[in-house]
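Residue numbers (this note's numbering), protein chains in the order written: chain Z, 135 to 449; chain Y, 328 to 749.
(1) For residue 679/Y, count neighbouring C-beta atoms within 10 Å of its own C-beta (all shown protein chains included) and say buried if the count is 16 or more, exposed if not.
(2) Suppose the cutoff is 6 Å on Cβ atoms and the five residues either side in sequence are ignored; what does the same chain contact list for residue 386/Y look like?
(3) Of all the residues that make up the stretch 449-463 of chain Y, which are near chain Z by a beta-carbon distance shorter than 8 Å?
(4) For the candidate residues 589/Y, 603/Y, 421/Y, whose alpha-carbon lies nearest to that of residue 610/Y?
(5) Can you pull the chain Z neighbours of residue 465/Y, defined as C-beta to C-beta under 9 Å?
(6) Give the residues of chain Z in contact with residue 546/Y, contact being defined as C-beta atoms less than 7 Å apart.
(7) For residue 495/Y, go through chain Z and note every residue whose CB falls closer than 7 Å to its CB, in chain order.
(8) Can you find at least 3 beta carbon pairs, one from the stretch 650-657 of chain Y and one from the stretch 709-725 of chain Y, that sit closer than 8 Å?
(9) Determine the closest residue to residue 433/Z out of 173/Z, 286/Z, 264/Z, with distance taken between C-alpha atoms.
(10) CB-CB under 8 Å to residue 296/Z, same chain, minus the five flanking residues each way: which ones, in chain order?
(11) Within the same chain, show all residues whose beta-carbon is closer than 8 Å to that of residue 364/Y, passing over the 5 residues directly before and after it, in chain order.
(12) Mind listing the chain Z neighbours of residue 492/Y? Cutoff is C-beta to C-beta under 7 Å, in chain order.
(13) I need the straight-line Cα distance from residue 383/Z to residue 362/Z, nearest angstrom please.
(14) Does DSSP classify residue 592/Y as helix, strand or coil?
(15) Looking at chain Y, is there any beta carbon in it that lies within less than 8 Å of the beta carbon of residue 373/Z?
(16) Verify the CB distance criterion: does residue 552/Y have a CB-CB separation below 8 Å to chain Z?
(17) Take the Cβ of residue 422/Y as the centre, count every other Cβ of all protein chains shown within 10 Å, and call the residue buried at 16 or more, exposed below.
(18) Grouping DSSP H, G and I as helix and E and B as strand, with all else coil, what is residue 585/Y?
(19) Would you say residue 489/Y lies against chain Z (beta-carbon separation less than 8 Å)?
(20) Determine the DSSP secondary structure at residue 631/Y, reduced to helix, strand or coil.
(21) What is the rounded straight-line gap between the Cα of residue 548/Y and the Cα of residue 195/Z?
(22) So with CB distances below 8 Å, who are the chain Y contacts of residue 348/Z?
(23) Between the Cα of residue 424/Z and the Cα atoms of 214/Z, 358/Z, 210/Z, which residue gives the shortest distance?
(24) Please determine, among 739/Y, 490/Y, 393/Y, the residue with the shortest C-alpha to C-alpha distance to residue 357/Y.
(25) Do residue 441/Y and residue 401/Y have their C-beta atoms within less than 8 Å of each other?
(26) Please state the DSSP three-state secondary structure of residue 392/Y.
(27) Pick out the complete beta strand (DSSP E) segments inside the stretch 639-673 of chain Y, 3 residues or longer, and give them in chain order.
(28) Leaving out the 5 sequence neighbours to the left and right, which residues in its chain are closer than 8 Å to residue 152/Z when beta-carbon positions are compared?
(29) What does residue 552/Y pair with, by DSSP beta-bridge criteria?
(30) Relative to the alpha-carbon of residue 428/Y, which residue among 449/Y, 584/Y, 737/Y, 675/Y has its alpha-carbon at the smallest distance?
(31) Can you find the residues in the same chain that come closer than 6 Å, C-beta to C-beta, to residue 514/Y, ignoring five residues on each side of it along the sequence?
(32) Relative to the C-alpha of residue 327/Z, which residue among 302/Z, 308/Z, 351/Z is closest?
(33) Where residue 711/Y and residue 724/Y are concerned, what is the direct C-alpha to C-alpha distance, given to the nearest angstrom?
(34) When the Cα of residue 749/Y is compared with those of 382/Y, 532/Y, 737/Y, which residue comes out closest?
(35) By how many angstroms is the C-alpha of residue 493/Y removed from the C-alpha of residue 386/Z?
(36) Take residue 214/Z as the anchor and find which of 274/Z, 187/Z, 445/Z has the nearest alpha-carbon.
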């Protein structure tokens with residue numbers, strides 16, 4: 135079967151949002167919506183990836199991303215294995231390309247890669263003969279996270295979120311999620327803002343087609359959606375921000391800061407959350423405000439869509 | 328309604344440039360009228376005297392908390408008022424170091440009981456370690472007027488960059504000591520033929536310029552507000568002058584000691600003239616004076632640093648640097664003016680309106696409606712400085728036994744006479 139009615143999806147890899155054109159994205163989101171139906175996802179035909187092998191290759195720890203790829207692969211009928219490289223061959227001195235050659239000899243069809251260095255998945259893609267999916271590389275890109283966020287927004291805004299105002303808040307500097315989201319949300323016509331202390335916003339980020347703010351009050355004004363980013367605890371030691379207390383005071387999302395945004399604004403977070411650092415628990419757990427659970431649910435659906443679409447090119 | 332009139336007095340206000348003889352009417356703690364005004368209430372005959380805004384001393388070590396044997400906030404306040412200083416900014420290098428908002432609050436509360444306005448400079452890094460950012464936002468909200476590196480600079484450029492970038496959000500002023508540690512560590516004098524002859528370990532003047540240039544470049548990169556804390560060399564004055572022509576928020580301070588003294592005042596190893604930064608050559612002093620006059624240097628501070636005699640009566644290299652200055656800031660400025668080394672209005676600007684504008688303080692100006700914080704002084708009174716007569720708890724001054732010209736007669740705070748010379 136083909137995933138898309140009347141549209142030929144020709145991309146081989148999923149490395150970065152910029153690999154795709156608008157039509158690719160629209161079709162991926164449509165397929166993601168299709169797989170969001172639990173009847174289809176859990177009880178539908180499991181033949182899309184039948185006979186295919188999916189290898190999860192994670193050089194960095196992950197729970198939700200790795201498991202959602204694993205589940206997506208299994209629900210499409212693929213043989214799935216997961217490798218935690220951080221604890222094996224690399225410690226014995228094997229280079230990335232050695233690992234690639236080893237895996238290639240096992241003839242996988244799909245390789246899902248997370249690596250701490252930007253561009254590692256695209257380097258692998260040049261050396262293996264299967265499709266490569268970037269599950270997060272350094273501070274560069276996390277395309278499937280951006281796609282699942284877009285899918286979540288589509289569902290929250292009844293299919294079309296062009297023109298809405300989205301603030302991405304917090305540690306943008308170290309965030310691959312933010313970079314992929316800026317690209318994708320811009321492509322889909324949303325108005326994107328970045329909000330955070332100057333130490334956590336990349337230099338010249340205003341040239342990404344976004345507005346940059348350094349305080350929450352003006353940054354959140356008129357926003358329909360607030361996307362909070364995780365602040366890595368190791369950056370709390372006074373190098374980028376002075377303390378958790380000060381960070382939460384000025385940049386943590388609480389009920390007061392939520393009122394700066396539009397009435398009924400929705401809140402997202404790519405997880406895992408630091409409660410009381412970038413987001414207060416009563417917002418994260420409020421089903422009227424928080425889309426966080428929907429984001430996780432959309433994760434499996436969108437990864438099924440990406441795997442299914444890429445598998446078309448494998449035949 | 329309490330009223331006080333100063334009659335026939337020379338009124339000098341650097342903000343407006345006003346310099347004329349007239350009356351000053353003070354009512355309810357504020358300046359009610361200036362110039363040709365009716366005489367009301369109590370009268371001070373200002374004939375042959377001058378009045379100016381109360382001085383703002385942006386660099387004071389008060390010893391409290393932790394070193395009360397050297398100075399307390401209360402003794403510092405007395406010394407300040409005797410010197411015509413009505414606002415002081417205390418430095419963070421106390422014990423404990425002021426790196427937390429509760430300590431900012433402690434100092435401000437202590438200051439509320441005193442006749443001078445006490446402001447706080449918070450520590451730029453935790454424990455002044457030069458590495459860990461303090462809660463600049465929360466401390467700004469608690470009332471800290473700027474953030475200081477303390478005696479040692481923030482050496483790591485990446486950390487300084489982040490400090491400046493972060494503080495820009497709160498429009499906070501960052502003060503760094505322009506010293507290159509690799510060139511200056513372990514030295515106690517300016518590198519010249521004088522220090523060479525004395526055999527003192529010395530640092531070249533460019534140690535200061537290199538760090539100043541780095542910090543100005545970081546200010547340009549980050550858009551942060553930089554105060555170069557205590558510049559002392561001709562080379563640095565030139566650097567700052569060049570940068571100030573551009574759109575970079577840089578300001579510089581100088582201590583009154585470096586405007587009045589040079590390395591020859593060390594003489595025969597006089598540790599009371601051991602300062603940090605060290606006294607330099609006469610050409611440096613001249614460059615600093617010109618820097619004040621043309622606005623390259625924004626503020627003049629006393630760099631009040633009380634030290635016990637025990638910490639001064641040591642071999643030169645081991646003696647503590649620093650000098651008391653709260654009572655001498657204006658007096659030495661008047662002496663420089665009387666000797667025609669420095670324009671009096673330029674001096675006053677650098678101790679009143681400039682620090683007020685830089686730190687966002689009220690006062691520092693003589694205008695109708697402004698708080699009546701004034702100093703009344705004679706520009707011509709001759710006297711000899713006796714360090715034992717200083718009100719400061721410590722008596723370490725390089726000006727002991729010097730002939731002075733010009734002296735404070737009265738200090739007025741919020742319309743009240745809080746000091747009168749006997």
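Beta carbons are placed, not taken as given, at the ideal position from N, Cα and C, and that holds for glycine.
Nothing here was measured: the structure is a model prediction, and the numbers come from that model.
Answer, in terms of the structure:
(1) Its Cβ being crowded by 16 or more others within 10 Å, residue 679/Y is buried.
(2) The beta carbon of residue 386/Y sits closer than 6 Å to the beta carbons of 628, 630 from its chain, once the five residues preceding and following it are set aside; these are given in chain order.
(3) Answer set for the stretch 449-463 of chain Y: 452, 453, 458, 459, 460, 461, 462, 463.
(4) In this structure, 589/Y is the residue among 589/Y, 603/Y, 421/Y with its C-alpha nearest to the C-alpha of residue 610/Y.
(5) Result: 376, 377, 379, 380, 383, 384.
(6) Those do not exist, as residue 546/Y stays about 13 Å from chain Z at its closest Cβ, beyond 7 Å.
(7) Those are 332, listed as they occur along chain Z.
(8) Result yes; three or more Cβ-Cβ pairs closer than 8 Å.
(9) The shortest C-alpha separation from residue 433/Z is found at 286/Z.
(10) Once the five neighbours on either side are set aside, the close Cβ partners of residue 296/Z are 322, 323, 324.
(11) Correct list, in chain order: 332, 349, 350, 351, 352.
(12) 332, 333, listed in chain order.
(13) Cα-Cα distance, rounded: 15 Å.
(14) DSSP, read as helix, strand or coil, puts residue 592/Y in helix.
(15) Judged by the 8 Å Cβ criterion, residue 373/Z is in contact with chain Y.
(16) The C-beta of residue 552/Y comes no closer than 8 Å to any C-beta of chain Z.
(17) Around the Cβ of residue 422/Y, a 10 Å sphere holds fewer than 16 other Cβ atoms; the residue is exposed.
(18) Residue state, collapsed to three classes: helix.
(19) For residue 489/Y, the nearest CB of chain Z lies under 8 Å from its own CB, placing it at the interface with that chain.
(20) Residue state, collapsed to three classes: strand.
(21) So the two alpha carbons sit approximately 35 Å from each other.
(22) Under the 8 Å cutoff, chain Y gives 495, 496.
(23) Proximity to residue 424/Z across 214/Z, 358/Z, 210/Z peaks at 358/Z, based on C-alpha coordinates.
(24) Of the residues 739/Y, 490/Y, 393/Y, the one whose Cα lies closest to the Cα of residue 357/Y is 739/Y.
(25) Yes, the Cβ-Cβ distance between residue 441/Y and residue 401/Y is below 8 Å.
(26) Reduced to three states, the DSSP call for residue 392/Y is coil.
(27) Under the rule that a run must span 3 or more residues, no beta strand (DSSP E) segment is found entirely inside the stretch 639-673 of chain Y.
(28) Once the five neighbours on either side are set aside, the close Cβ partners of residue 152/Z are 317.
(29) Per DSSP, the beta-bridge partners of residue 552/Y are 500/Y.
(30) For residue 428/Y, the nearest C-alpha among the options comes from 449/Y.
(31) These residues qualify, in order along the chain: 528, 529, 530.
(32) The candidate whose alpha carbon is nearest that of residue 327/Z is 302/Z.
(33) Roughly 13 Å between the two C-alpha positions.
(34) Selected option, being the one with the closest Cα: 737/Y.
(35) Their backbone Cα atoms lie some 16 Å apart in a straight line.
(36) The shortest Cα separation from residue 214/Z among 274/Z, 187/Z, 445/Z belongs to 187/Z.
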